[in-house]
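Top to bottom, those sequences are chains A and B. Going by the working numbering, 11 is the number at position 11 of the first sequence; the sequence numbering is gapless. Going by the working numbering, 1182 is the number at position 182 of the second sequence; the sequence numbering is gapless.
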Amino acid sequence: MRFTYHPFSSVVVAIAVWLGLLPLSPLLSELEPVLAHSWFILGASAVVGLGLALLRAPRALILFSQLLVIVGVLAWRGLEMAPAGEPLESLQLLTAEGVEAIRSNPPPLPMESGVLWLTLVFTAVLVIVVELLVNGLEQPAWTIAPLALGYGISALIITRDLDWLLLVPVIAGYVAILLSVTGAGEAAGRASRAGSYHVSRTLVGLATGAAALALAIVIATTIPMGEKQPWNDGGSDGPIQLSDPTVRLNEDLHRPTDAPVLTYRTSNGEPAYLRTVALPSLSQSGAGLLPMSLSRSGMERTYEHRDNAERVEVEVQMAAVPSEYLPAPFAAAKWDADGLWSYDPDTLSIVAAGEDRIQQTVNLHYKVESDIPSPTRSQIQAAGAGGGLDSVTREVPRGLDPSVTALTTQVVGDATTAGDKALRIQQFLRSDAFDYSLQAPTSSSGSDAISSFLLDQRSGYCIHFASAMIAMARVEGIDARMAIGFTPGQQQDDGTYAVTSHDAHAWPELYLDGLGWVAFEPTPAYQGNPEYVDPSAMQPEASPTPAPESSPTPTVAPTVAPPSAEPTPTAQPTAPDASDGGIGATGGWILGALALLLLLALPALIRIGLRQARLRAGQEPDRAADSAWNEVRALFADYRLPWPEGSPGPVGVAAAEDLPPDGAAALKEISSTVERSRFARDGAAPTELPAQVNALRSVLSGNATTGTRLKALLVPASLWQSGR
Amino acid sequence: MNQPATPSLHEVSQLASRIAGEMARVIEGKPHQIRMAVIVLLAEGHLLIEDVPGVGKTVLAKSLGRAISGDVKRIQFTPDLLPSDVTGVSVFNQSTREFEFKPGGIFAHIVLGDEINRASPKTQSALLEAMAESQVSADGKTYQLNQPFMVIATQNPIEMEGTYPLPEAQRDRFMARITMGYPARRSEVAMLAAQAGGDQLGSVTAVTDADSVADAIKAVRSVYVAPVINDYIVSIVEATREHPDLRLGASPRASLHLMRASRVEAALAGRDYVIPEDVRALAAEVLSHRVLPTVEAQVARRDPAAIITSVLASVPTPARG
């Protein structure tokens, strides 16, 4: 019934848990950070477990110390990764981020700090549970359950077949644990290996583990997928198939009958452009979508330029119009709509994610809250080009006629800032040089639609104007993309606005430094979108008359917020704050450094503690002599001195030969006292021993090289030798 | 010369080295054998010297006797030697009309039993009984032997002709067995040079007397043997009984002899207690003549001394009882 307690079992457990993390690889975009960071936790657990086990500390103490250290290291890593702030809040926020990322992303999850944090928490829980099973409850067979958990999770979430090879490290770790505690080979001789009972115990253990594993696999294959991860539904792998919104736009615009699309009411009563989607890519054949990595929550935080904006709530009643995008003013912050919706963090497009995606908007009634940006003209003029975006929004379409570049340079003239350039391009496109015409050839002719529109035809409708402005902006190095959606529509008597299919529209969004994505309106037929871009163009839509050039006069619209808008309540609760940030990050660093120092100093501390214990006063004389002798032996080991075999007297004489006289004298006295205490009739009084041992230590230390002295202090070899 | 009281162990140690030093003057290059002889003397044991003729067995015994100025008697064991020749015989005295005990060769401090394996078993056992009991019984009377009393028996290797090898039970009565071995070349040359001057043994002078030796023996008895050491000795002896190379292990008497010898070893080091090293130093000499190697071990030329060494390595040194 005895269980072999092996001091290295903590190390084996750490390795096994680490191996157990490998099957998580299909779930994560990168496994390396997890594997690397988990060593902080596993290493700490292993070092503490090994160190204390070698010191023969009680098991409960070992487990408790491991728990403390693991929690400490976990907190340290968490504070490292978390946004600065109150430590507890930071960790909460980190956890929330991780949960969000898991809930809103199809696997593989992006390796964000939140996800990494959760995997580290997972690791910590695993190692604690396994330690408890192995060294606390002495039930190593059950460790297969926690060890196979990573595989089980992967098997549950990943619909495609999980690589069976992923089980190999799990099994390997499991077997290592079993062998380390039930014993194999020589070491097992001391254990309860003998007899059939031991064999049956091992077999039962293995069988239990195998059963748990089989159960995990069976469950993984039989449990149907819930609605939690809808993109795994219907056997369709990969992302949602998004249809080309420009096709839809063309259809809408060219539809002979004007069909109602939706009515909406804004909280401030003002009209609003409702955007459905943004097309980041632009090529000669037109604007296009990029693959989206959809999220479910945290939309408000994904877009940071919400300061210069007004929070508007829009209540929308859709007609019987199918759409896979939820029309919403830019920049949407949250939505409240039936059905499953996700958003694309890059474009803030809200995308249907439910079963019957295309039909999801039919007769839908929903509310959206958006932060509609309202920069002033002067702000735009002053703004430079923003940066840090995916380069796809800055790519000049391949094959663009060089004359377009020349034209752009000419149009931009002496404008220096990106914002000013954008205004001049907009002004140029809205000028008389261009005609608005739905009859203009669609970009079907293909390869050089933008060039021909800008250079030759100069006649087209919204898509052409938007594409042209995007192309010219990109020539000037400004990030730009095409927004698709609807113009504000007609105000009804009840204060709502009615949007029809002919209100379908496309307009460019340019990314300006400090302002974020700013909508422009190069299409002459339309009033400014929003007004600040072209405040004077307040005419009804569809008027073919080119709008006069924008005027700097402020618009009458009272809704426009001044640039110094009051802080919005939507700001992140833990937004990086200089004063707070310092504490959190520095605290993490200090904690981490302390933990590291503690780890490094652990052997030295343990060694010093051992010495104190061995030399403490008030022991039984025999015990005092024996432990003093153990200390002498440990000192010799620490200072890498040879230790002759034998009983104290002869050993003392032999070992003293290599020592300087004072050390030799001390050693001989010690050995003689110890010898007498062991073998002489009257024993010996060990009262002098501690002083003698300390004297001997100082002689050894003085005699050693600096390197040896440091080694003796920091990595005392005696800790690794079994002191007999 | 009466010693005032039991001498200190330091004096015992000095006495031993004086005896050994005097013996070394006539026995070249054999300090170990000399030391063993002294140890056995102080441990109240008897010494068996086993070797080919002419390597100095007799000289060793005689020089020891002379050094302690004790009576030395030599009994040349021959096939026709009678037990009474050893122990003594009662003779009817015509003038007193009484039986008078004429002591045999054994009444001496040092008895040299030369070529003991040439005598008949009956005579051998008479000697061995006297050795064990330190007394002789004849005609219903018991005669105490001298103190100190030590038999140094020499034995030719059993392969030689005309010998009755000592049975195991009788070898067991000797505390230790040593072999002389041929002297080193230089020692032999030195011996020749020394012998040129005439009787060499005559130059050995007494460095002490029998009473002093008896006192020293008493002093040695006071050396403390910790229980853990006794345990160690028994462990070693038990290990010989279980050793696969031995078909006969050492007897309990072997434990006793090993303990006594270890006490002397400790005393000679000036210690009044025995440490495991004392035991180990003498284990081979004390145990190897009592054990019988298996045929396989003999074929493999594993001699008992080597086996005893391996036994010592296998028994853990005691730390604390």
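Every residue gets a Cβ at the ideal spot worked out from N, C-alpha and C, and that includes glycine.
Residue environment analysis places A1130/B among the buried positions, since at least 16 neighbouring C-beta atoms fall within 10 angstroms of its C-beta.
For P1276/B, the residues of chain A that pass the 7 Å Cβ criterion are S647, in the order they occur in the chain.
Rounded to the nearest whole angstrom, the CA to CA distance from K1102/B to T1142/B is 13 Å. The residue from R1263/B, L1201/B, P1053/B with its alpha-carbon nearest to that of V1223/B is R1263/B. Between A328/A and S374/A the beta-carbon gap is near 17 Å, outside 8 Å, which marks them as no contact. Take S1008/B, set aside five residues on each side of it, and the residues of its chain with a beta-carbon closer than 8 Å to its own are A1219, in chain order.
Within chain B, no C-beta atom comes nearer than 7 Å to that of F636/A; the closest sits roughly 16 Å away. Bridge partners of H505/A according to DSSP: G485/A. Under DSSP, the beta-bridge partners assigned to Q1155/B are E1050/B. Here the alpha carbons of G485/A and S323/A stand approximately 11 Å from one another.
When secondary structure is reduced to three states using DSSP, M318/A falls in the strand class.
Taking C-beta atoms under 8 Å as the contact rule, P110/A and A101/A qualify, at a distance of about 7 Å.
Counting only runs of 4+ residues, the alpha helix (DSSP H) found wholly inside the segment 1004 to 1071 of chain B occupies 1009 to 1024, 1031 to 1042, 1057 to 1067, in chain order. Three or more beta-carbon pairs separated by less than 8 Å link the segment 364 to 382 of chain A to the segment 331 to 338 of chain A, which places the two stretches in contact. Comparing C-alpha distances from L400/A to each of Q439/A, D371/A, A449/A shows the shortest one belongs to A449/A. Taking the C-beta atoms as reference points, G419/A is found no nearer than 8 Å to Q360/A. Judged by pairs of C-beta atoms under 8 Å, the segment 472 to 479 of chain A touches the segment 417 to 431 of chain A, as three or more such pairs exist.
Fewer than three Cβ pairs drawn from the segment 624 to 644 of chain A and the segment 1282 to 1298 of chain B lie within less than 8 Å of each other, which leaves the two stretches out of contact.
Apart from sequence neighbours up to five positions away, the residues of its chain that approach A1305/B with a beta-carbon distance below 6 Å are A1284, S1288, ordered along the chain.
If you check the CB distance, V1072/B and R1066/B come in under 8 Å. For I1110/B, there is no enclosing alpha helix (DSSP H); the residue is part of the beta strand (DSSP E) that begins and ends at 1110 to 1114. By the rule that beta-carbons nearer than 8 Å mark a contact, E620/A does not touch chain B. Cβ neighbours of D1245/B within its own chain (closer than 7 Å, five residues either side excluded): P1293, T1294, A1297, R1302, I1307. C-alpha of P1318/B to C-alpha of L1312/B: approximately 12 Å in a straight line.
When secondary structure is reduced to three states using DSSP, V1264/B falls in the helix class.
Within chain B, the C-beta atoms nearer than 8 Å to that of P650/A come from I1275, E1277, in chain order. For secondary structure counted as the alpha helix (DSSP H) over 4 or more consecutive residues, the segment 1262 to 1317 of chain B holds these complete runs in sequence order: 1276 to 1287, 1295 to 1299, 1304 to 1314. Where Q360/A is concerned, there is no enclosing alpha helix (DSSP H), because DSSP gives it neither an H nor an E. Taking a cut-off of 8 Å for Cβ pairs, the segment 1045 to 1055 of chain B and the segment 1081 to 1100 of chain B do not touch, as fewer than three such pairs fall below it. Distance between G51/A and E1044/B, taken at the CA atoms: about 54 Å. Taken through DSSP and simplified to helix, strand or coil, W341/A comes out as strand. DSSP, read as helix, strand or coil, puts H365/A in strand. CA-CA distance, P87/A to M81/A, rounds to 11 Å.
Closest by C-alpha distance to P690/A, out of L178/A, L667/A, A704/A, L35/A, is L667/A. Contact note: A1313/B does not reach chain A at a C-beta cutoff of 7 Å; the least C-beta distance is about 10 Å. Counting only Cβ-Cβ distances below 8 Å, D1272/B has contacts in chain A at A680, R681, in chain order.
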